[in-house]
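Quick notes on the structure that follows.
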Amino acid sequence: MIPTLDRARRLVRLAAFVAIAFVLEAGCSDPARDQEVKIATATEGGTYIVIGRQMARILKEYPVEGISSAEALVTDGSEENIDLLLNSEAQMALVFAPTLASHQRRRELAALAVLYSDLFHIVVNKSSGIEKLRDLRSKRIFVGPQRSATRSGGTEILQSAGISESDYSRIDLASYGEASQMLREGGLDAAFFLTAGPAIAVQHALSDGCCYLLDLHDEMDAIKGQLPSLSEEKIAAHVYPNQPDEVTTVGGSALLVARKDMGAELISGVLNVMFDHISDFEIAKIRVQDIRLYEAFDLPEGIELHPGAAIFQDRERTKLWIATGVINGKYYELGKRLQQVLENRGIPSRAIHTDGSIENLQLLTTHDRTVAITQYDTALASIFGDPYGEPELIKELNIPSVDRLRRIVVLHEEMLHALIRWDRGIDEGPERLTLSVLHDARVCLGAPGSGTQVLAKVLLRRHGVVPKEEVLLSVPDMVARIHNGELDAGFFMSAVPSEALRTVVNDSRNRLLSTDPQSVAGLLGPAVRSTRIPPGTYVVQLPGEHIDTVSTWAVLVARQDLSLELVKTITSAIFETQDFLRIPGGESAMSQDLNSLELHPGALAYYQDADIYPSPDTITLADLLDMSWRALAILVILVGGYQGILKLRRDRTSNEIARRVLAISVDAGEPDSVHKLLEIRTREIRERVRWRWWRLGELDKSRWRYLHDLINHRIDGARDNLTRAIAEELRAVEQETVLGDAARLDSLGSLQERVWRCFEKGELDASQHGMLTGAIRDSMRQITEATAGSPYPESEVSGGHGGGELP
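Numbering (the numbering used here), first residue to last: 295 to 1101.
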């Protein structure tokens, strides 16, 4: 019994030991579970450091399984970042692709995603006399921090021009920010910045006009011959302050990189959080519009994709993509809310930010499971090639042709806004301004992939306007350039009121332009209609000013081969959550029939089930004849009733306006009587007599003529009364015997100024003004001639407004 008891005790001890070992192993088997992630970035003033810090913040705010904390490290740049990764001192890093591709130990690292293009910005001080790359010889140059891609690449660019390190004075600084400040102070002749645009340090250097960007166009062959890993790039005009022209430079991809042995699921989680919260980078004013999910895994030659990124990419292929618009714009915000709704219904989705309608249509041709928000007119251009009668222009814009494009739902109406700065020298009078003032102006037509540029180009042609310069910029860049005075005007499409553009449309230094109704008449059709922005919508409008413009619709579209059941579920989700999605108009607006863009069968199935769309029933010839007779009878009754109601309405309107006209006194002492009458004639009557396609005017031609003549008669009476009153005052001054000649001349001068003011306000016509001015001048001359040695110079006696001549 005793040996058996001992054996049992040993077995218990062994089991306890194994259990403890298992627990310890379980706690230590996944070291990534509590991993602290450090992200190597670059120096202050560049883009890497800002992106790294924002990414660390996102990983803290939206935890990824396996990551306990995240921190961004300030470094010299790409070369140091690679060393930190290889030494396990950092877990992720931002790296310039050519630097990684040429590194000896690149096989130990892998890319998670391509973020954007890093461009060499060579900023030179104007006083240095530098015009070409070769002029950098013997100059004081910052070529980047010691262990950065800026320094290695900048050194090689200089060598391509025959400038070795001994041929210039290299100034070593710790950050881009310091280099920017020294350029402005004259301590540097030139500085190299490798960064995305627009970069904070470059903006600072160029802000006061003492520096400019060096163009490398003439040296491009030599640079690419020596550095084939660099590609020719363009920095668009007006990206930076005081940069009116496009600049040629070189660059390469910026990558997010990690060690190959970092957990695949952890990397997949990081990418999912990053792309799901990509708009959060905008908080830090980072240019993330160029970080595109569908381009993120097209790696440069010689660089491998991380296994975790490959897992993430495979999962994305199975998701429904919602192509939207610019980050934090209306399309994007709607897409993000729709993503949430669909995921709640078990449909994995991803809102994809783009530049707008044209890019969205392109995505429909490359990703099978895609729905897209697009302008109706741009969608029709994709189907029919040219809805505007401008075939060459549409061809020039490269609008993709989408096979069997179909409509799912109408989202909202979009109006074209055309905005110009006051300080461009336009007259600040009360008249509305039209697009014609854009002749010889610097104009932004919209973003490169947007539908705005299509309508903007067509409208400029229809108005016969040839701008001095046409550029394509994202909405944030356009707003910034209009604010700093580098652009005169810009176009954008938006629902009204536009929340995304409130900084410019509520800035009194700007003005909205109207379209000319005659110029746009031939443009109106199924895709575009004439409309107005009501008075008081924006601060930039003058009191009572409405803006004539054109509008189209934002629609959700898909290709017909997208699953019927999937589209039916999407349509159902939209209609049932329209309040959460913030879609105005309700069911009738969302399901309105846009005849030129067919409805997707899946959407049609939902409309029929929900009884919000007519079913395609079979109709016999007898049914058709019966309905026709019934419709004709109803039409006759309706027309007769409508004519009677219309006559009563016109009589009431005419009588009401006539009473108001007669209530305005035309006595000489009544202030602004003519102005009040003109307001009724030029605005109210003209507006009410206008014919529109959906209703007749509130006044017909005969009633309009009656009111017009009545007002003119009252205006003539008011002017005659005022003329007689002023003539009486003139005679009283002439007959005055108590006052001296100097006092009489002062009285006549005051009377002449009053006549001029009345003429300016329209209270006197040209003949009355001329008659009264002539009579006053004659009286002043008689007094002057009768007074020897008059103290009044001849110029004062003759009057201050050209002796009564019309201005």
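Ideal Cβ positions, reconstructed from N, Cα and C, are used throughout, including at glycine.
The C-alpha of S948 is placed about 10 Å away from the C-alpha of R982. With a 10 Å radius around the Cβ and a threshold of 16 neighbouring Cβ atoms, F874 comes out exposed. For V731, the closest alpha carbon among the candidates Q747, L739, A603, V760 is that of V760. In the DSSP assignment, W615 falls within the unbroken beta strand (DSSP E) covering 614-617. V544 is the residue among V544, T489, Y534, L508 whose C-alpha sits nearest the C-alpha of A516.
Counting other Cβ atoms within 10 Å of its Cβ, Y936 stays below 16 and is therefore classed as exposed. Contact between L753 and T809 holds, since their C-beta atoms are separated by about 6 Å, short of 8 Å. In the DSSP assignment, Q1062 falls within the alpha helix (DSSP H) that extends over 1060-1080.
Put simply, of A774, A666, L403 the residue whose alpha carbon is nearest the alpha carbon of G745 is A666. Under the three-state reduction of DSSP, T809 is assigned to coil, being neither helix nor strand. Cβ contact annotation for A407 (same chain, cutoff 6 Å, sequence separation greater than five): L550, A590, in chain order. Under the three-state reduction of DSSP, Q634 is assigned to helix.
The beta carbons of V861 and L888 sit about 16 Å from each other, so the pair does not count as a contact at 8 Å.
In the DSSP annotation of this structure, the continuous segment of the beta strand (DSSP E) that includes L850 starts and ends at 841-853.
Just so you know, the alpha carbons of A899 and T664 end up roughly 19 Å apart. Within the same chain, F390, A391, P392, S411, D412, S523, L524, S525, P594 come within 8 Å of G546 by CB-CB distance, once the 5 residues on both sides are set aside. The Cβ-Cβ distance between I868 and V748 does not fall below 8 Å. Taking the C-beta atoms as reference points, H647 is found nearer than 8 Å to T618. Taking the C-beta atoms as reference points, I1020 is found no nearer than 8 Å to L1001. Taken atom to atom, the span from the alpha-carbon of I693 to that of S885 is near 26 Å. A distance below 7 Å between beta-carbons, with the five flanking residues on each side excluded, links S967 to the following residues of its chain, in chain order: I958, S959, V960, A1012. Inclusion of R434 and L482 in the CB contact set at 8 Å is warranted, their separation being smaller than that value. Rounded to whole angstroms, the gap between the alpha carbons of E764 and K332 is 44 Å. Comparing C-alpha distances from V1049 to each of L1024, E1030, E1028 shows the shortest one belongs to L1024. Judged by DSSP in its simplified three-state form, I906 adopts coil rather than helix or strand. Secondary structure in the stretch 400-470: the beta strand (DSSP E) runs of 3 residues or longer, each lying completely within the stretch, are 403-419, 434-436 in chain order. Within the stretch 698-771, the beta strand (DSSP E) runs of at least 3 residues that lie entirely inside it are, in chain order, 699-715, 736-738, 763-765. Just so you know, the alpha carbons of Q854 and L891 end up roughly 12 Å apart.
Ranked by Cα distance from V814, the options L560, D502, E1054, T843 are led by T843.
Rounded to whole angstroms, R803 and R796 show a C-alpha spacing of 13 Å. Burial state of Q835 is buried, judged by a 10 Å Cβ sphere holding 16 or more other Cβ atoms. Looking at E425, S363, L972, the one whose alpha-carbon comes closest to that of D512 is E425. Fewer than three pairs of CB atoms, one per stretch, sit closer than 8 Å, so the stretch 414-423 makes no contact with the stretch 336-345.
For F606, the enclosing alpha helix (DSSP H) stretches over residues 601-611. Positions of the beta strand (DSSP E) runs, each at least 3 residues long and wholly inside the stretch 466-553, are given as 484-489, 505-507, 525-529, 541-553 in order along the chain.
Excluding sequence positions up to five before and after A675, its CB lies within less than 6 Å of the CB of P681, I688, I693, all in the same chain and listed in chain order.
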